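Worksheet: the structure to be examined is printed underneath.
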Amino acid sequence: MVYRAGVYGRHPRVPTVYRALAREAKRRLDARAYGYVAGGAGDEATQRADRTAFDHWSVVPRVLRDVSRRDTSVELFGRRLPAPVLLGPVGALELVHPEGDLAVARAAAAVGVPMVFSNQASVPMETTAAAMGDSPRWMQLYWSTSDELVESLLGRAEAAGCDAVVVTLDTTMLGWRPRDLDLGHLPFALGKGIAQYTSDPVFRRLVEERAAAAGTPRDPQPRPNAAAVRALVGMSRAWSRATGMPMREALRSPLPRAAVEVFLGIYSRPSITWADLAWLRERTRLPIVLKGVLHPDDARRAVDEGVDGLVVSTHGGRQVDRSIAALDALPDVVDAVADRVPVLFDSGVRSGADVLVAVALGARAVLLGRPYAWGLGVAGEDGVRQVVEDVLGEFDLTLGLTGHTAVDQLSREVLRRRP
Numbered sequence: 001m002v003y004r005a006g007v008y009g010r011h012p013r014v015p016t017v018y019r020a021l022a023r024e025a026k027r028r029l030d031a032r033a034y035g036y037v038a039g040g041a042g043d044e045a046t047q048r049a050d051r052t053a054f055d056h057w058s059v060v061p062r063v064l065r066d067v068s069r070r071d072t073s074v075e076l077f078g079r080r081l082p083a084p085v086l087l088g089p090v091g092a093l094e095l096v097h098p099e100g101d102l103a104v105a106r107a108a109a110a111v112g113v114p115m116v117f118s119n120q121a122s123v124p125m126e127t128t129a130a131a132m133g134d135s136p137r138w139m140q141l142y143w144s145t146s147d148e149l150v151e152s153l154l155g156r157a158e159a160a161g162c163d164a165v166v167v168t169l170d171t172t173m174l175g176w177r178p179r180d181l182d183l184g185h186l187p188f189a190l191g192k193g194i195a196q197y198t199s200d201p202v203f204r205r206l207v208e209e210r211a212a213a214a215g216t217p218r219d220p221q222p223r224p225n226a227a228a229v230r231a232l233v234g235m236s237r238a239w240s241r242a243t244g245m246p247m248r249e250a251l252r253s254p255l256p257r258a259a260v261e262v263f264l265g266i267y268s269r270p271s272i273t274w275a276d277l278a279w280l281r282e283r284t285r286l287p288i289v290l291k292g293v294l295h296p297d298d299a300r301r302a303v304d305e306g307v308d309g310l311v312v313s314t315h316g317g318r319q320v321d322r323s324i325a326a327l328d329a330l331p332d333v334v335d336a337v338a339d340r341v342p343v344l345f346d347s348g349v350r351s352g353a354d355v356l357v358a359v360a361l362g363a364r365a366v367l368l369g370r371p372y373a374w375g376l377g378v379a380g381e382d383g384v385r386q387v388v389e390d391v392l393g394e395f396d397l398t399l400g401l402t403g404h405t406a407v408d409q410l411s412r413e414v415l416r417r418r419p
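Shown next as structure tokens:
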């Protein structure tokens with residue numbers, strides 16, 4: 001299709017190679033948006049290790065096998081998916097495109113791959129779910145300090161037709177991210193990426209209570225400058241979109257600023273332990289998937305505690321610098337679980353060939369992150385769709401060109417570890 005279109009002078013909307021795609025996104029996006037998506041923790045050693053880990057594995061193609069018909073589908077939680085690929089949760093996507101999560105949802109639905117709604121989304125889950133129709137979707141959960149808010153988010157995920165809830169465990173505190181620190185930039189402090197919260201009735205009540213309790217400031221307030229005014233306008237616009245409050249009223253209201261303050265105070269709970277999983281299990285009928293598991297002992301404990309799946313992940317290298325690479329951790333986690341629950345994978349996946357390596361090492365499926373975010377930044381919904389289709393197309397080709405016709409034929413036997 002691409003080559004046929006090329007005859008008529010038409011070319012892909014976005015580059016088909018990740019490095020070129022990231023370069024194009026950097027050219028188009030402002031420094032804050034690019035830094036937020038591209039950045040990692042510390043010196044970004046973990047982010048580099050996540051990529052280097054793939055370079056340690058080679059696929060050994062087999063020949064003279066009939067690969068004219070191939071099946072790339074897999075099953076997860078009772079649903080047959082077209083390929084072992086999901087779109088992982090990426091927060092504050094409005095930084096890279098005004099339609100944010102909504103554009104991603106439409107692209108995911110068009111291709112048929114599940115989207116994991118970010119808990120730090122720029123669009124409420126009900127809106128993205130409506131855009132997806134019957135297409136599969138999951139929900140990410142950051143475990144808030146408010147149990148009532150967690151219950152509300154879980155109930156909304158169920159009502160929105162989510163197939164699973166992905167509990168992110170590696171971000172109970174925000175990592176040390178120099179790219180954002182150097183710019184003094186946290187999107188949530190500007191009211192960006194908190195739409196799941198501002199659309200939630202429990203959160204709104206907490207905001208109103210905080211605003212009422214704050215009253216009139218007693219201490220002298222700093223003289224506003226241009227940056228502060230822009231921040232206030234951004235907060236007010238986000239609150240206006242979420243609540244329907246007229247923009248003029250939102251600019252005068254204490255609620256937009258209170259929403260940001262409440263979010264920053266309750267979005268995540270560093271005190272959660274294994275004992276809390278039973279509480280979560282009692283409050284949702286959805287399969288519970290723990291994201292951020294890297295140690296085999298944690299994997300075994302999670303299965304013993306009754307969770308339904310795991311994601312081996314370093315959060316894209318954004319949380320702990322000098323961490324073990326996600327791909328290096330994957331085989332030991334897979335062995336520890338012993339096929340009792342599905343093990344998924346993210347961090348460092350850039351191509352269809354990467355997907356094949358991860359699946360061969362035992363992942364049931366992978367979560368794609370930065371590549372589709374760059375596609376969104378370059379060409380909106382069309383860019384996301386092309387990036388996903390490119391990954392799926394390369395995976396299908398690599399499957400066939402290595403002599404395989406189905407995902408379940410992939411195992412560590414098809415790989416060789418480089419010295």
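Counting in full-length UniProt numbering, the sequence shown runs from 1 upward without gaps. In this text, a Cβ means the ideal position worked out from N, Cα and C, and glycines have one as well. Just so it is clear, the structure is predicted and the values come from calculations on it, not from any experiment.
Residue-chain proximity (residue i, chain D), Cβ-Cβ < 8 Å
i    : result
R385 : The structure shown contains no chain D, having only a single protein chain.
Proximal residues to residue i (C-beta, below 8 Å), its chain only, five neighbours per side dropped
i    : result
L81  : S73, V74, E75, G112, V113, P114, P136, A365
E261 : R210
Alpha-carbon to alpha-carbon, residue j and residue i
i    : j    : result
A250 : V233 : 9 Å
A20  : S236 : 36 Å
V7   : D396 : 24 Å
G292 : A278 : 19 Å
V60  : V414 : 6 Å
W176 : G9   : 46 Å
T46  : R252 : 44 Å
D408 : V312 : 20 Å
S411 : P256 : 51 Å
S323 : G377 : 28 Å
R27  : W374 : 11 Å
Other residues of its chain near residue i: CB distance less than 7 Å, five sequence neighbours each side excluded
i    : result
A49  : A325
G369 : G88, V90, G316, D346
A336 : P296, A299, R300
Coil, strand or helix - residue i by DSSP
i    : result
A83  : coil
V116 : strand
E148 : helix
R51  : helix
M125 : helix
G292 : coil
R318 : coil
T245 : In the sequence as displayed, the identity of residue 245 is Met instead of Thr. DSSP places M245 in coil when its eight states are reduced to three.
L190 : helix
M173 : coil
T284 : coil
W374 : helix
V384 : helix
A365 : strand
Cβ neighbours of residue i in the same chain (closer than 6 Å, five flanking residues each side left out)
i    : result
D332 : P296
R340 : V303
S240 : M247, A250
Bounding residues of the beta strand (DSSP E) (the contiguous stretch that carries residue i)
i    : result
R27  : Run containing R27: none in the beta strand (DSSP E); it sits in the alpha helix (DSSP H), 18–28.
F345 : 343–345
V59  : 57–59
Opening and closing residue of the alpha helix (DSSP H) in which residue i lies
i    : result
E75  : Run containing E75: none in the alpha helix (DSSP H); it sits in the beta strand (DSSP E), 74–76.
V333 : 326–337
Item to check | Three-pair Cβ contact test at 8 Å for the segment 152–166 versus the segment 119–139 | outcome: yes
Next on the checklist: Under 8 Å: do the segment 178–191 and the segment 149–163 share three or more Cβ pairs, one atom per stretch?
Outcome noted: no
Checklist entry - Are the segment 99–113 and the segment 378–389 touching by the rule of at least three beta carbon pairs closer than 8 Å? => result yes
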